[in-house]
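Visitor:
In the working numbering, the protein residues as written are 118 to 365.
1) Can you give me the C-alpha to C-alpha distance between residue 171 and residue 218, rounded to a whole angstrom?
2) What does DSSP give as the partner residues of residue 297 in its beta bridges?
3) Is it true that the CB of residue 191 sits closer than 9 Å to the CB of residue 201?
4) Starting from the N-terminal side, write out each stretch of the beta strand (DSSP E) that is 3 residues or longer and does not extend beyond the stretch 141-176.
5) To the nearest angstrom, how far is it from the Cα of residue 214 to the Cα of residue 142?
6) Below 8 Å, how does it come out for the stretch 333-342 and the stretch 167-185: are there three or more Cβ pairs, yes or no?
7) Can you give the Cα-Cα distance for residue 323 and residue 279, rounded to whole angstroms?
8) Using DSSP with H/G/I as helix, E/B as strand and the rest coil, what is residue 124?
9) Roughly how many whole angstroms lie between the Cα atoms of residue 237 and residue 258?
10) Assess contact between the stretch 309-325 and the stretch 262-279, defined as three or more Cβ pairs (one per stretch) separated by less than 8 Å. Is contact present?
11) What are the residues that DSSP puts in a beta bridge with residue 275?
12) For the beta strand (DSSP E) that residue 333 lies in, which residues bound it at each end?
13) Just how far apart, CA to CA, sit residue 351 and residue 139?
14) Leaving out five residues before and five after residue 136 in sequence, what residues of the same chain have Cβ atoms less than 8 Å from its Cβ?
15) Going by CA-CA distance only, name the one from 244, 309, 185 that's closest to residue 175.
16) Beta-carbon separation of residue 128 and residue 164 under 9 Å?
17) Would you list, in sequence order, the uninterrupted beta strand (DSSP E) runs of no fewer than 3 residues that lie entirely inside the stretch 200-225?
18) Return helix, strand or coil for residue 131, following the three-state DSSP convention.
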């Protein structure tokens with residue numbers, strides 16, 4: 118059985134209201150989130166989950182807030198001996214701009230994107246300003262996008278499951294590792310969403326939905342579903358991974 122190592126690479130940050138992560142909780146609290154590219158090492162393919170931001174702001178205050186270094190896309194890949202042209206596969210959790218801005222640099226890659234996510238980026242709802250088709254048009258026109266219609270295996274040991282919590286076509290990536298199944302979430306959350314504080318658990322909530330959702334009830338159910346399907350939980354914007362080179 119093929120097993121993998123996961124390398125979280127910080128390729129940017131956002132500073133905003135914490136309630137953008139934790140639905141109906143901690144509004145008014147300033148919070149800094151890392152934007153990750155996840156390099157999946159193992160097997161015979163060079164695989165990324167998401168490609169992150171293009172215009173990266175580096176500052177001492179932001180690195181202190183997340184507890185780790187911030188890199189450009191190229192710098193982050195170089196740490197693992199890679200260039201954008203080396204990448205064979207990119208799996209997209211979703212197509213909000215901070216997850217796909219470097220797509221065009223991966224000229225040899227096949228991009229796995231859920232059908233509903235592709236529809237959303239070309240015809241976004243007015244409430245969702247985070248979609249910008251410019252970032253994926255080049256790879257789409259080049260025929261590099263492989264549309265995902267249902268849960269499927271990408272390569273042996275790596276599967277995607279449709280988890281429409283934060284966006285209609287969100288894909289959670291399940292990865293076989295030496296320590297069990299790891300899940301890179303298909304929705305934008307932090308670890309607190311999986312591990313709510315006592316005040317939230319006292320309300321009989323086992324998880325907290327993302328701060329931005331398609332349908333609140335379904336989002337809650339999808340977060341709980343992912344929590345129960347993996348041994349290692351990797352929320353898309355959890356700061357603690359900024360200081361970690363390799364999981365597990």
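Glycine residues also receive a C-beta, built at the ideal position from the N, C-alpha and C atoms.
Guide: Once the coordinates are examined:
1) 6 Å
2) 294
3) yes
4) 147-158, 164-166
5) 25 Å
6) no
7) 21 Å
8) strand
9) 17 Å
10) no
11) 272, 292
12) Careful: residue 333 lies outside any beta strand (DSSP E), inside the alpha helix (DSSP H) at 333-346.
13) 16 Å
14) 142, 143, 144, 145, 146, 328
15) 185
16) no
17) 206-208
18) strand
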